[in-house]
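Enquirer: Below are the structure tokens for one structure; questions will follow.
Number of protein chains: 2
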Amino acid sequence: MELQKVDGRKARGEKKRRAIVEATLRVIERDGVAGVTHRSVAREAGVPTTAPTYYFATLDDLLIATLLWSAEELCDDMLKIVASGGCAREIARSLAKAVNENRSRTLAEYELYLLAGRRPELRPAARRWLDRAVEVARPADPVAFRAFLAAIDGLLMQGLIADVAPNEDELEPIVSFLIRGCDDLTAAPREQ
Amino acid sequence: MELQKVDGRKARGEKKRRAIVEATLRVIERDGVAGVTHRSVAREAGVPTTAPTYYFATLDDLLIATLLWSAEELCDDMLKIVASGGCAREIARSLAKAVNENRSRTLAEYELYLLAGRRPELRPAARRWLDRAVEVARPADPVAFRAFLAAIDGLLMQGLIADVAPNEDELEPIVSFLIRGCDDLTAAPREQ
DNA sequence: CAACTACCTGAACAAGTGTTCCACAAGTTT
DNA sequence: AAACTTGTGGAACACTTGTTCAGGTAGTTG
């Protein structure tokens with residue numbers, strides 16, 4: 389009991405810290421990275437103006453913390469897409485969901501990508517889902533798999549700038565084309 | 389002579405206007421959309437602080453004008469990639485150039501994409517190269533072609549967040565995989 | 001030449017920014 | 001209990017932002 393006893397103050401603080409990060413992500417989803425200010429985040433999180441400054445030395449630190457955290461969600465989302473049993477229908481469904489129901493989240497995730505392009509420290513986080521995808525899929529044909537991963541990014545981005553986002557029926561044939569040849573994406577290690 | 393005589397004042401104004409747009413694009417390439425302010429643009433263009441406001445009612449108008457204009461360059465660049473004679477080597481070379489020599493320009497172009505995601509008025513411009521690509525290529529297999537176009541976006545984006553951007557040798561096999569089946573992308577109807 | 005017009009800009013303003021500071025509240029330890 | 005640590009938040013500061021505006025300047029016209 390005494391062992392895992394933690395300072396109640398720190399516990400509450402840590403909770404608030406996470407609340408601030410989550411509020412920041414909501415702001416990014418709504419208004420983009422440009423809309424992130426100490427005050428807008430504080431308002432969104434329902435904390436005083438100075439709270440974000442207290443928990444994060446600088447606005448940049450808050451942004452980076454938020455994006456690193458959101459990168460894990462990106463990773464999960466993407467892996468869910470990739471590992472949809474290698475079935476084109478499932479993959480197409482996930483992609484369609486990303487550009488429709490989860491549009492703002494997807495948009496936020498690509499803001500992360502872009503920011504990573506300018507800030508090397510964010511790159512490992514932004515790239516993580518790509519590395520993990522290769523790990524879990526163990527593709528028989530690495531080249532085909534890289535093409536597949538690239539196309540996922542492209543389909544999502546292009547889906548975000550379409551007048552009406554594509555649905556799963558439109559996406560399915562394209563996905564089919566991409567995964568033909570890597571019949572079962574997760575198959576490789578068996579015979580080798 | 390008298391016919392095409394234009395007010396010298398207006399001519400100078402139009403020139404300055406274009407200089408401001410070009411300066412804005414340079415700022416975007418260097419610091420991203422976030423770095424665009426009346427003052428930063430004015431400094432870059434070597435004009436007084438109020439000049440951008442004079443020529444563009446609002447900062448947003450300036451940003452939109454710049455992005456619409458840059459979208460034409462994006463279109464040209466992308467078409468150059470797509471229409472590299474349908475040869476994988478050429479396409480790979482163009483892609484490698486985009487993420488190396490022209491890295492900052494490519495980054496700026498994806499800022500346009502992302503902004504278009506949030507501002508419907510920018511979407512037609514951002515999408516233009518996709519439509520034009522289909523026009524000029526007249527692909528025999530539209531599905532394969534869409535997959536190819538998506539993969540271009542993905543390869544570029546992923547190239548931008550890599551620790552070391554890929555070179556043409558790494559890209560070539562992936563491109564080859566993508567255009568297999570659409571042997572000659574520009575082949576379909578040869579009836580001129 | 002002067003009159004006119006259209007373009008241009010320096011100074012200024014209100015609003016919003018990141019951040020600091022300090023008094024104080026809440027929790028923990030001695 | 002007192003002494004300490006940690007969390008909290010209102011006021012304030014220096015600074016940057018977008019935008020306005022009145023006066024000035026260059027180009028055109030009579």
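Chains as they are written, first to last, in my numbering: chain U, 389 to 580; chain P, 389 to 580. Glycine included, every Cβ here is placed at the ideal spot set by N, Cα and C.
Contact defined as beta carbons within less than 8 Å: I believe residue 459 of chain P pairs with residue 516 of chain P. What is the distance between those atoms, to the nearest angstrom?
Expert: 6 Å
Enquirer: Which runs of the alpha helix (DSSP H) at least 4 residues long sit entirely within the stretch 497-580 of chain U? Give them in chain order.
Expert: 511-525, 530-548, 556-567
Enquirer: When you compare each of U:551, U:480, U:432, U:470 to residue 507 of chain P by their alpha carbons, which one comes out closest?
Expert: Among U:551, U:480, U:432, U:470, the Cα nearest to that of residue 507 of chain P is on U:551.
Enquirer: Spatial neighbours of residue 518 of chain P within its chain, please: C-beta separation below 7 Å, excluding the five flanking residues on both sides.
Expert: 537
Enquirer: For a contact meaning CB atoms closer than 8 Å, what does residue 401 of chain P contact in chain U?
Expert: Correct list: empty, because the minimum Cβ distance to chain U is about 30 Å.
Enquirer: Taking residue 505 of chain U as the reference, which of P:497, P:435, P:470, P:398 has the closest Cα?
Expert: P:497
Enquirer: Between the alpha carbons of residue 529 of chain P and residue 412 of chain P, how many angstroms are there, rounded?
Expert: Distance from the CA of residue 529 of chain P to the CA of residue 412 of chain P, rounded to the nearest whole angstrom, comes to 40 Å.
Enquirer: Is the stretch 467-487 of chain P in contact with the stretch 404-421 of chain P, if contact means three or more CB pairs nearer than 8 Å?
Expert: no
Enquirer: How should residue 446 of chain U be labelled, buried or exposed, when 16 other C-beta atoms within 10 angstroms of its C-beta is the threshold for buried?
Expert: Exposed is the call here.
Enquirer: Between the stretch 542-555 of chain P and chain U, which residues of the former have CB atoms less than 8 Å from a CB of the latter, in chain order?
Expert: 542, 543, 545, 546, 548, 549, 550, 551
Enquirer: Which residue from U:425, U:502, U:553, U:426 puts its Cα closest to that of residue 542 of chain P?
Expert: U:502
Enquirer: Using a C-beta to C-beta distance shorter than 8 Å, which residues of chain U count as neighbours of residue 562 of chain P?
Expert: Within chain U, the residues near residue 562 of chain P are 531, 534, 535, 538.
Enquirer: By Cβ distance below 8 Å, which residues in the same chain neighbour residue 432 of chain P in space, the five residues on each side in sequence not counted?
Expert: 411, 412, 414, 415
Enquirer: Using a Cβ-Cβ distance cut-off of 7 Å, determine whether residue 444 of chain U contacts chain P.
Expert: no
Enquirer: Going by alpha carbons, who is nearest to residue 532 of chain P out of P:562, P:484, P:566, P:521?
Expert: P:566
Enquirer: What residues of chain P sit near residue 499 of chain U, judged by a beta carbon separation below 7 Å?
Expert: 502
Enquirer: Can you give me the start and stop residues for the alpha helix (DSSP H) that residue 478 of chain U sits inside?
Expert: Start and end: 476-487.
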